[in-house]
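A.B. asks: Let me give you the structure first, and then I'll get to my questions.
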């Protein structure tokens, strides 16, 4: 009989080994569970796992697609780490991404028939500002009115999506686009340069790497990173040390929103090339999983973004070759987060095996 | 506006608001015991699809609701195991439950999109929702067990010291919340819609979460909040039908904007929110050894 209720003993210090091992255990358990699910659906588990996890990345095109998907996920997730480290539950990255795409994309549409090296940087700045402004709303409401940021940031997602919807069916609709709800295409100067001809991986990945490095630097080498960490571990200690809580809330949300905004702009000026309704397949929500799976550490987040990007590709292939709805990707994403959260206690607790409980 | 139109609007509002009442009263009980479950949307979707599929396969409405409630118990049981036994972060676990539920419901319902069914008369459930709110209110404020539930939500260490089982009380709170969310979902797929569609709850789970804050954790106020929201969203649909010329997207923002405005009004009085919210909300309980 398996004992589902573990006997726990608190560790003196959090275990560093377990901190690294927990995500690995979680991914392994997810794959095992996945093969059971596939077997229950009547598929050969090995064939299914191969279709889901191996064949999508067995070509250079596949690797490129993996990087295309990981690009926004990793950038949004490091942004979210600024909030999560400080126990601010910003779950509205999807809205911040959308507003980044609207602000940056709006600049792209303004200059669609102009060319110039300055257009793309301007769009990126626009994306960062759009995302940061949208991220600032829950922060201001929290500081001024004590509202719960989980609910406000989430409500703003729906509002942002409706604003985008209004723009693409209304004032920004492509005049030559018949009645499709989409804008005209950005000019060539408004597109992310491709890194290799024939592959979709684009300049956005460089921006993501810069963002990841910058956040690593901020987290581990600056006073701001230290303050975020302290106030996450112990708000009382942080207040006693005289850290300005409101400043920390604003900063965390600005970084988080700006990164999500740039990621959104990267999507529309990269693979998509225009604005329409469905610019993001839930990247903003999925990045929350990426942030946790990467243990809120920039390097961990890079690995986590690749794993989660693979669930998107695998789900597409599973739909194509096995007629399983692509939503199976969400099942895997949910499972990996369950296992991660479930095994996380190994970092702070030891499991003690006793007989005859 | 003639009296018939008026009665028609009232009927639509009653029918449309009921799932919000079910989900919100369930989440309120969960939160009263000190646990925040953000998985409402996911549990509603799984509840909706399991009820629908059971009905199509067996043709039995009773069985459909039983299976749906069971799915709610299972989904929230999974959540309970993670947050109570493994002491995981409640916010992240709830999000995982929602994402998992969205995926799982789409997979289960894949072959049932657009299958026609005979919808049930919704008014039994409208009445049931009022009854449940009354019973929950009675339970919390007139029974001893209700007092224990509230005590666990306010201070788990004191309750533990008094000899009450914190884990058991919280488990019951979570499971009740899960079954109510499943009931909300099954009502939507069997009475309200009546059909199955991916993501058919369309964010109602999140509005239910906001309603609990709006109600400042008082059961009776859930009804007030839910009917204000329900009324506003139906009014917005009717304004469009009456030919008010204004982009539809801005009307559709109304429930979300209203939620935010209400949150601001409720939360800005820091003392009131502090006195109303269960003091142990989201804090895990570890007995220590």
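Protein chains in written order, with my numbering: chain L, 6 to 362; chain P, 238 to 526.
Cβ atoms here follow ideal geometry from the backbone N, Cα and C, with glycine treated the same way.
For chain C, find out if any of its Cβ atoms is closer than 7 Å to the Cβ of residue 295(P); answer yes or no.
C.D. replies: Although the question refers to chain C, the structure presented lacks it and instead comprises the protein chains L and P.
A.B. asks: Which same chain residues, not among the five before or five after residue 99(L), have their C-beta less than 6 Å away from its C-beta?
C.D. replies: Result list for residue 99(L): 162, 289 and 290, in chain order.
A.B. asks: To the nearest angstrom, report how far apart residue 305(L) and residue 263(L) are at their CA atoms.
C.D. replies: Between residue 305(L) and residue 263(L), the C-alpha separation is close to 21 Å.
A.B. asks: How big is the Cα-Cα spacing for residue 469(P) and residue 243(P)?
C.D. replies: For residue 469(P) and residue 243(P), the distance between alpha carbons rounds to 15 Å.
A.B. asks: Could you name the residues of chain P that residue 160(L) contacts, counting a contact when the two beta carbons are closer than 7 Å?
C.D. replies: Under the 7 Å cutoff, chain P gives 493, 496 and 497.
A.B. asks: Just checking my contact of residue 288(P) with residue 423(P) at CB under 8 Å: how many whole Å lie between their CB atoms?
C.D. replies: At roughly 3 Å, the Cβ-Cβ gap stays under 8 Å, so residue 288(P) and residue 423(P) are in contact.
A.B. asks: According to DSSP, is residue 281(L) helix, strand or coil?
C.D. replies: If DSSP states are grouped into helix, strand and coil, residue 281(L) belongs with the strands.
A.B. asks: Run through the DSSP bridge pairs and tell me what residue 377(P) is partnered with.
C.D. replies: Residue 377(P) is not bridged to any residue.
A.B. asks: Only counting the same chain, and skipping five residues up and downstream in sequence, which positions put a Cβ closer than 6 Å to that of residue 362(L)?
C.D. replies: Residue confidence for residue 362(L) is low, a pLDDT of 49 falling below 50, so the modelled location carries little weight; the figure read from the coordinates is stated next. Excluding positions up to five away in sequence, the list is empty.
A.B. asks: 7 Å is my cut-off, CB to CB: does residue 92(L) come that close to chain P?
C.D. replies: Output row for residue 92(L): interface = no.
A.B. asks: Does the structure place the stretch 173 to 184 of chain L close enough to the stretch 42 to 49 of chain L that three or more beta carbon pairs sit under 8 Å?
C.D. replies: No, the stretch 42 to 49 of chain L is not in contact with the stretch 173 to 184 of chain L.
A.B. asks: Where residue 509(P) and residue 275(L) are concerned, what is the direct C-alpha to C-alpha distance, given to the nearest angstrom?
C.D. replies: Residue 509(P) and residue 275(L): Cα-Cα distance of roughly 48 Å.
A.B. asks: When you compare only the Cα positions, how much space is there between residue 313(L) and residue 519(P)?
C.D. replies: About 27 Å.
A.B. asks: Pick out whichever of 274(P), 344(P), 302(P) and 272(P) has its Cα sitting closest to the Cα of residue 412(L).
C.D. replies: The structure shown has nothing for residue 412(L), since chain L only spans 6 to 362.
A.B. asks: For the beta strand (DSSP E) containing residue 302(P), list its first residue and its last residue.
C.D. replies: No beta strand (DSSP E) holds residue 302(P); the alpha helix (DSSP H) holding it covers 298 to 317.
A.B. asks: Taking DSSP as the reference, what is the three-state secondary structure of residue 275(P)?
C.D. replies: Three-state DSSP puts residue 275(P) in coil, outside helix and strand.
A.B. asks: Would DSSP call residue 391(P) helix, strand or coil?
C.D. replies: The answer is helix: DSSP assigns residue 391(P) an H, G or I state.
A.B. asks: Does the stretch 334 to 348 of chain L come within contact of the stretch 28 to 35 of chain L, defined as at least 3 CB pairs closer than 8 Å?
C.D. replies: Yes, they touch.
A.B. asks: For residue 330(L), tell me which candidate among 37(L), 57(L), 253(L) and 21(L) has the shortest Cα-Cα distance.
C.D. replies: The option with the nearest alpha carbon to residue 330(L) is 57(L).
A.B. asks: Is residue 206(L) helix, strand or coil by DSSP?
C.D. replies: In the structure shown, residue 206(L) sits in coil (DSSP, three-state: anything other than H, G, I, E or B).
A.B. asks: Between which residues of its own chain and residue 200(L) is the CB-CB distance below 6 Å, once the five residues before and five after are set aside?
C.D. replies: Excluding positions up to five away in sequence, the list reads 206.
A.B. asks: Starting from residue 336(L), find everything on chain P with Cβ-Cβ shorter than 7 Å and list it in chain order.
C.D. replies: Going along chain P in sequence order, the residues near residue 336(L) (Cβ under 7 Å) are 337, 340, 341 and 344.
A.B. asks: Name the chain P residues whose beta carbon is nearer than 9 Å to that of residue 332(L)?
C.D. replies: Near residue 332(L) (Cβ distances below 9 Å), the residues of chain P are 339, 340, 341, 342, 343, 344, 347 and 435.
A.B. asks: Which whole-angstrom value describes the C-beta separation of residue 353(P) and residue 428(P), a residue pair presumed to lie in contact below a C-beta threshold of 8 Å?
C.D. replies: Not confirmed; about 15 Å, so no contact.
A.B. asks: Check whether the stretch 253 to 272 of chain L touches the stretch 130 to 147 of chain L, counting contact only when three or more Cβ pairs, one atom from each stretch, lie closer than 8 Å.
C.D. replies: In short, these stretches touch, since the Cβ pair count reaches three.
A.B. asks: Between residue 233(L) and residue 90(L), how many whole angstroms is the CB-CB distance? I'm expecting something under 8 Å.
C.D. replies: Going by Cβ atoms, the distance from residue 233(L) to residue 90(L) rounds to 5 Å, so yes, they are a contact pair.
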